[in-house]
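Engineer:
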Amino acid sequence: MKKLILLTLSLLLITCDNPNNSIEDENTSWVFVANEGNLGASNGSISMIDNNGNVYETDSIGDVVHSLEVYEDKLIVLVNNSHLIKIYDITENGLSMPGIEVSTDNSSPRDLVIIDNKVYFTNWNTQDIKVFNLFNYVIEASIPIQGLPEDIEFDGQYLWVTIPHSEGAPNWSIGSTVCKIDPSTNSLIETIEVGDGPQGIALDNENAYISRTSYDEGFNAFHGATKIDAIGNLTTNEYGAGIACGGSILKHQNIIYRSFDGGLSPMNTDLSLDSDNKIGSYNQNQIYHVEEVNGNIWFAITDYGDLNQVRVVNSDGDEIAVYQVGKNPGDFAIWSNNN
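Using the working numbering, read the sequence shown as starting at 154 and increasing by one per residue.
So this is what it looks like as structure tokens:
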């Protein structure tokens, strides 16, 4: 019998700052947090937050737990520096351990989307998009990419992939393109120049919004944004150096937001940032990732040491929950029991 992560002493239990939560309430959902851990330490883990606000953490599962997604009743996890795909069954009680492990052959997997029982994931070492079949657990295809692909999103017809670097270590040359891929043929159909350092993508109808961050030789950060409309026209805005931006970009209540100045700011038509309507107020240097979960904004916050939190803010800017999680939290995914 597979071992389930249950409410036992073998797991770390931490409650959030909400006195109304009760461990006796029936659990119907999980939010999973990818805790990257420290590079080379193999101490990456997954934190699990139930709908009562209780937090559990798995044992270490590998070196740099980079991204995760829920597909039906499975959690798909990419472990970057261990070069692994991990697959876990999900129940109301947690994850079925130890799960299934598939090697990506030293590919350095980064981000993923799931379409029709197939995982499309970006890889730095092999510079490609790999296609993993969730029916037979085989990597069945590879789509070559010029450069190091990072974020990947699906608009219902095409995959959009950012290329933040045109070359890897030791040079780490700046990339400037976004790739458009047809998953029905697993082919690259267009490469679009968008400006230096494309990072994240947010899709809104037929428009693609790209956050950009690049660095000079002194490691000074330069930020910007680009919009690609339905007919391929580009709008760009260069914020310049000294602006406290992050790479996160997302759609919330039909508005595109960008991580900025310790929170999340709406983007105006010209892609400038509306700081007057910013959601959240934290230390920008400690914000590692921002995402919408169940209509609220979830901030992954870390100082790469002892501070490792998730802070949840509603649309009015009110902080409604704080969770203590594993080391260096990043990506989020949610599962609900629909039965």
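Each residue gets a CB set at the ideal place from its N, CA and C atoms; glycine is no exception.
Quick test of your reading: Ser-326 and Asp-349, contact by CB under 8 angstroms. State the CB separation rounded to the nearest angstrom.
Structural biologist: Counting from 1 along the sequence shown, the entry for residue 326 is found at position 173. Counting from 1 along the sequence shown, the entry for residue 349 is found at position 196. Not really, about 10 angstroms apart at Cβ, beyond 8 angstroms.
Engineer: Beta-carbon separation of Ser-213 and Ser-200 under 8 angstroms?
Structural biologist: If you number the sequence shown from 1, residue 213 lands on position 60. If you number the sequence shown from 1, residue 200 lands on position 47. No, these two residues do not count as a Cβ contact at 8 angstroms.
Engineer: In this structure, does DSSP put Ser-103 in helix, strand or coil?
Structural biologist: Nothing in the structure corresponds to residue 103, since the chain is present only between 154 and 492.
Engineer: Whole-angstrom Cβ separation of Ser-256 and Asn-278, contact assumed at under 8 angstroms?
Structural biologist: Counting from one through the sequence shown, the residue named residue 256 turns up at place 103. Counting from one through the sequence shown, the residue named residue 278 turns up at place 125. About 13 angstroms separates the two Cβ atoms, so there is no contact after all.
Engineer: On a Cα-Cα basis, can you pick out the residue from Tyr-476, Gln-406, Pro-482 that is closest to Ile-440?
Structural biologist: Residue mapping note: residue 440 aligns to position 287 of the sequence shown, counting from 1. Among Tyr-476, Gln-406, Pro-482, the Cα nearest to that of Ile-440 belongs to Pro-482.
Engineer: Between the Cα of Asp-456 and the Cα atoms of Lys-480, Ile-450, Arg-464, Glu-445, which residue gives the shortest distance?
Structural biologist: If you number the sequence shown from 1, residue 456 lands on position 303. For Asp-456, the closest alpha carbon among the candidates Lys-480, Ile-450, Arg-464, Glu-445 is that of Lys-480.
Engineer: Kindly list the residues whose CB is nearer than 6 angstroms to the CB of Asp-484, restricted to its own chain and excluding five residues on each side of it in sequence; keep chain order.
Structural biologist: Residue numbering aside, residue 484 sits at position 331 when the sequence shown is read from its first letter. Hits under 6 angstroms: Ala-187, Ser-220, Leu-221.
Engineer: Hey, Pro-336 and Ile-268 are a contact pair by Cβ (cut 8 angstroms); roughly how many whole angstroms apart?
Structural biologist: Looking up residue 336 in the sequence shown gives position 183. Looking up residue 268 in the sequence shown gives position 115. Contact check for Pro-336 and Ile-268: beta-carbon distance about 6 angstroms, within the 8 angstroms limit, so the pair qualifies.
Engineer: Closest by CA to Ile-396, which one among Ile-408, Gly-385, Gln-406, Gly-416?
Structural biologist: Counted from its first residue, the sequence shown places residue 396 at position 243. Considering only alpha carbons, the answer is Gly-416.
Engineer: Is Glu-149 near Arg-263, with beta carbons less than 8 angstroms apart?
Structural biologist: Residue 149 lies beyond the residue range present for the chain, which begins at 154 and ends at 492; the question has no answer from this structure.
Engineer: Could you check the C-alpha separation between Gly-193 and Asn-259 for me, to the nearest Å?
Structural biologist: As a working note, residue 193 is residue 40 in the sequence shown. As a working note, residue 259 is residue 106 in the sequence shown. If I take the Cα positions, the gap works out to 14 angstroms.
Engineer: Considering just the uninterrupted stretch of the beta strand (DSSP E) at Asp-335, what are its terminal residues?
Structural biologist: As a working note, residue 335 is residue 182 in the sequence shown. Its beta strand (DSSP E) spans residues 327-335.
Engineer: Let me check understanding here. Comparing Cα to Cα, which of Asn-491, Ile-454, Ser-434 lies closest to Asp-469?
Structural biologist: Sequence index remark: in the sequence shown, residue 469 carries index 316 (1-based). Asp-469 has its Cα closest to that of Ser-434, out of Asn-491, Ile-454, Ser-434.
Engineer: Given a cut-off of 8 angstroms, decide if Ile-363 and Ile-354 are closer than it, judged by their beta-carbon atoms.
Structural biologist: Sequence index remark: in the sequence shown, residue 354 carries index 201 (1-based). Sequence index remark: in the sequence shown, residue 363 carries index 210 (1-based). Taking 8 angstroms as the cut-off, the beta carbon of Ile-354 is found closer than this to the beta carbon of Ile-363.
Engineer: Buried or exposed for Val-184, going by 16 or more other Cβ atoms inside 10 Å?
Structural biologist: Numbered from 1 along the sequence shown, position 31 holds the residue referred to as residue 184. So Val-184 counts as buried.
Engineer: Report the residue ranges of all beta strand (DSSP E) runs contained in full by the region 415-474; include only those spanning at least 3 residues, in chain order.
Structural biologist: 416-419, 440-446, 449-455, 461-466
Engineer: In terms of residues, what are the limits of the beta strand (DSSP E) holding Ile-313?
Structural biologist: Translated into positions along the sequence shown, residue 313 becomes position 160. Checking the sequence shown, residue 313 turns out to be Trp, not Ile. Here the beta strand (DSSP E) through Trp-313 covers 312-318.
Engineer: Going by C-alpha to C-alpha distance, which of Ile-282, Asn-360, Gly-371, Thr-244 sits closest to Ile-384?
Structural biologist: By 1-based counting over the sequence shown, the position of residue 384 is 231. Among Ile-282, Asn-360, Gly-371, Thr-244, the Cα nearest to that of Ile-384 belongs to Asn-360.
Engineer: State buried or exposed for Gln-280, treating a residue as buried only when at least 16 other CB atoms are found within 10 Å of its CB.
Structural biologist: Walking along the sequence shown from the start, residue 280 turns up at place 127. Its Cβ being crowded by 16 or more others within 10 Å, Gln-280 is buried.
Engineer: Kindly list the residues whose CB is nearer than 6 angstroms to the CB of Ala-294, restricted to its own chain and excluding five residues on each side of it in sequence; keep chain order.
Structural biologist: For the purposes of this step, residue 294 is taken as the residue at position 141 of the sequence shown. For Ala-294, where only same-chain residues beyond five positions count, the Cβ hits under 6 angstroms are Val-284, Asn-339.
Engineer: Does the distance from the C-beta atom of Val-443 to that of Gly-399 stay below 8 angstroms?
Structural biologist: Locating residue 443 in the sequence shown gives position 290, counting from the first residue. Locating residue 399 in the sequence shown gives position 246, counting from the first residue. Their beta carbons are under 8 angstroms apart, which means Val-443 touches Gly-399 by this criterion.
Engineer: Hey, how far is the Cα of Ser-235 from the Cα of Asp-216?
Structural biologist: Here residue 235 is taken as the residue at index 82 of the sequence shown, counted from 1. Here residue 216 is taken as the residue at index 63 of the sequence shown, counted from 1. Between the C-alpha atoms of Ser-235 and Asp-216 there is a straight-line separation of about 5 angstroms.
Engineer: Output the distance between the C-alpha atoms of Glu-391 and Glu-254, rounded to the nearest integer angstrom.
Structural biologist: Residue numbering aside, residue 391 sits at position 238 when the sequence shown is read from its first letter. Residue numbering aside, residue 254 sits at position 101 when the sequence shown is read from its first letter. Approximately 42 angstroms between the Cα atoms of the pair.
Engineer: Taking 6 angstroms as the limit between beta carbons, can you name the residues of its chain near Ser-367, skipping five residues before and five after?
Structural biologist: Residue numbering aside, residue 367 sits at position 214 when the sequence shown is read from its first letter. Cβ within range, chain order: Ile-327, Asp-349, Gly-350, Phe-375.
Engineer: Who are the near neighbours of Asn-180 in its chain, counting only those whose CB is closer than 7 angstroms to its CB and skipping five residues on each side?
Structural biologist: What you label residue 180 is simply residue 27 of the sequence shown in a count that begins at 1. Cβ neighbours of Asn-180 within its own chain (closer than 7 angstroms, five residues either side excluded): Asp-203, Asn-204, Asn-205, Glu-245.
Engineer: Just the C-alpha distance for Glu-472 and Pro-297, rounded to the nearest angstrom, thanks.
Structural biologist: Counted from its first residue, the sequence shown places residue 472 at position 319. Counted from its first residue, the sequence shown places residue 297 at position 144. Rounded to the nearest angstrom, the two C-alpha atoms are 43 angstroms apart.
Engineer: Please return the same chain residues whose Cβ sits closer than 7 angstroms to the Cβ of Glu-320, not counting the five positions on each side in sequence.
Structural biologist: Locating residue 320 in the sequence shown gives position 167, where the first residue counts as 1. Once the five neighbours on either side are set aside, the close Cβ partners of Glu-320 are Ser-326.
Engineer: Check the C-beta distance from Val-223 over to Trp-488 and give it rounded, since I have them as a contact under 8 angstroms.
Structural biologist: Looking up residue 223 in the sequence shown gives position 70. Looking up residue 488 in the sequence shown gives position 335. Confirmed, Cβ separation roughly 5 angstroms.
Engineer: Is it right to say Ile-454 is buried, meaning 16 or more other beta carbons lie within 10 angstroms of its own, or is it exposed?
Structural biologist: Residue mapping note: residue 454 aligns to position 301 of the sequence shown, counting from 1. Ile-454 counts as buried, since no fewer than 16 other beta carbons sit within 10 angstroms of its beta carbon.
Engineer: Between which two residues does the beta strand (DSSP E) containing Pro-482 stretch?
Structural biologist: Indexing the sequence shown from 1 puts residue 482 at position 329. Unbroken beta strand (DSSP E) run through Pro-482: 482-489.
Engineer: Where Asn-438 and Phe-288 are concerned, what is the direct C-alpha to C-alpha distance, given to the nearest angstrom?
Structural biologist: Within the sequence shown, numbered from 1, the residue matching residue 438 stands at position 285. Within the sequence shown, numbered from 1, the residue matching residue 288 stands at position 135. Spanning the two alpha carbons is a distance of roughly 41 angstroms.
Engineer: Using only the alpha-carbon positions, how far apart do His-405 and Gly-448 sit?
Structural biologist: Residue numbering aside, residue 405 sits at position 252 when the sequence shown is read from its first letter. Residue numbering aside, residue 448 sits at position 295 when the sequence shown is read from its first letter. Rounded to the nearest angstrom, the two C-alpha atoms are 8 angstroms apart.
Engineer: Within the continuous beta strand (DSSP E) that includes Asn-360, where are the two ends?
Structural biologist: Locating residue 360 in the sequence shown gives position 207, counting from the first residue. 360-368 is the extent of the beta strand (DSSP E) around Asn-360.
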